[in-house]
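Below is one structure, written out as structure tokens; comments come after it.
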Ligand SMILES: [Zn+2]
Ligand SMILES: [Zn+2]
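Numbering (the working numbering), first residue to last: 88 to 194.
Structure follows, in structure tokens:
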């Protein structure tokens with residue numbers, strides 16, 4: 088049996104309530120739930136959190152826009168994805184304003 092894993096990360100399980108892995112193994116009854124290690128940006132609208140183990144699986148099987156190690160502002164409401172700095176930041180902090188001013192926020 089080699090049918091593909093049915094997990095489709097895009098558009099599912101937006102992790103608003105924490106920074107745990109949103110990977111949903113077909114053999115398990117629930118999502119992974121391990122502490123998140125990576126923040127993945129799928130496209131303009133979708134992002135998710137995943138653990139180290141499932142980051143490897145995702146790299147092998149899916150195309151994503153960008154990723155970075157999970158940080159304090161990741162998944163926070165209103166956080167902005169900063170490609171160059173490889174992190175998320177909530178607008179309003181000093182650093183985020185600097186990024187905006189220099190045109191580095193590409194959302
Ligand atoms: Zn996981
Ligand atoms: Zn992030």
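Heads up, the beta-carbon is just placed ideally off N, CA and C, and yes, glycines get one too.
Everything numeric in this text was worked out from a predicted model, so none of it was measured.
Taking 8 Å as the cut-off, the beta carbon of residue 123 is found no closer than this to the beta carbon of residue 143.
Going by beta carbons, residue 166 and residue 160 fall inside the 8 Å limit. Distance between residue 150 and residue 137, taken at the CA atoms: about 14 Å.
It is roughly 12 Å from the alpha-carbon of residue 139 to the alpha-carbon of residue 155. Counted as a single uninterrupted DSSP element, the stretch harbouring residue 107 is not any alpha helix (DSSP H), since DSSP gives it neither H nor E. In the DSSP assignment, residue 174 forms a beta bridge with 169. Per the coordinates, the alpha-carbon of residue 109 lies some 6 Å from the alpha-carbon of residue 119. Residue 136 carries a strand assignment under DSSP once its states are collapsed to helix, strand and coil. At least one heavy atom of ligand 2 is found less than 7 Å from the C-beta of residue 168. For residue 112 and residue 146, the gap between their C-alpha atoms comes out near 15 Å.
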